[in-house]
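Novice:
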Amino acid sequence: MEHILIDTNVLSYILKNDTRSAYYLPYLSSEKVLAVSFQTVAELYRWAEKYSWGKTKLNKLESLLKRFVVVPYDNKLARIWAKVVNERERAGKSISYEDAWIAACALRHSATLLTHNRKHFEGITGIKIISQPEEGQFLSKK
Numbered sequence: 021m022e023h024i025l026i027d028t029n030v031l032s033y034i035l036k037n038d039t040r041s042a043y044y045l046p047y048l049s050s051e052k053v054l055a056v057s058f059q060t061v062a063e064l065y066r067w068a069e070k071y072s073w074g075k076t077k078l079n080k081l082e083s084l085l086k087r088f089v090v091v092p093y094d095n096k097l098a099r100i101w102a103k104v105v106n107e108r109e110r111a112g113k114s115i116s117y118e119d120a121w122i123a124a125c126a127l128r129h130s131a132t133l134l135t136h137n138r139k140h141f142e143g144i145t146g147i148k149i150i151s152q153p154e155e156g157q158f159l160s161k162k
């Protein structure tokens, strides 16, 4: 069974009913194991706190999160995160710690990353990405 790790931006589009979510919704089928990183959950709750989401929007978030397995922290994940950050530094490419955690979660569980921010993750060894293609790009890339 295919494992899909959903990036924070895709969930944000779904929560906001953003038109960009339409591309990603077909990937959220029940034939796949759907997961989010602990980092994504933390980011979404941070936004809820920062922007004083009301009860309705917070309930929508919590209902949405129930659809996914949350990938927790463990020491193996921390080692993968360190490799991702160091690999990007050696390549002269920056990566936010948040994105590095998300990439590490995908790598840790051999999951394909569903993201709208392809460029944040391209070049990470072993990562599989599904993203809305820009003109001239392929749908998915290893």
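According to the working numbering, the sequence shown is numbered sequentially starting from 21.
Just so it is clear, CB atoms sit at the ideal spot from N, CA and C, and this is done for glycine as well.
Answer with buried or exposed for Thr76, where buried requires no fewer than 16 other C-beta atoms within 10 angstroms of its C-beta.
Specialist: It counts as exposed.
Novice: Using C-beta distances below 6 Å, list every residue in its chain close to Tyr33, excluding the 5 sequence neighbours before and after it, in chain order.
Specialist: Here the set comprises Arg40 and Ser41.
Novice: His23 by DSSP, collapsed to three states: which one?
Specialist: Of the three classes helix, strand and coil, the one that applies to His23 here is strand, per DSSP.
Novice: Rounded to the nearest angstrom, what separates Gly156 and Tyr47 at their Cα positions?
Specialist: Here the model assigns Gly156 a pLDDT of 49, short of 50, so the residue's position is not dependable and the matter cannot be decided.
Novice: With H, G and I counted as helix, E and B as strand and the rest as coil, what does DSSP make of Ala111?
Specialist: In the structure shown, Ala111 sits in coil (DSSP, three-state: anything other than H, G, I, E or B).
Novice: I'd like the list of long-range same chain contacts for Gln59, defined as Cβ closer than 8 Å, with 5 residues on each side in sequence excluded.
Specialist: Excluding positions up to five away in sequence, the list reads Thr28, Glu118, Trp121, Ile122 and Cys125.
Novice: In chain order, what are the residue ranges of uninterrupted beta strand (DSSP E) at least 3 long that sit wholly in the stretch 45-86?
Specialist: Listed in chain order, the complete beta strand (DSSP E) runs (minimum 3 residues) inside the stretch 45-86 are 53-57.
Novice: According to DSSP, is Lys36 helix, strand or coil?
Specialist: Three-state result, Lys36: coil.
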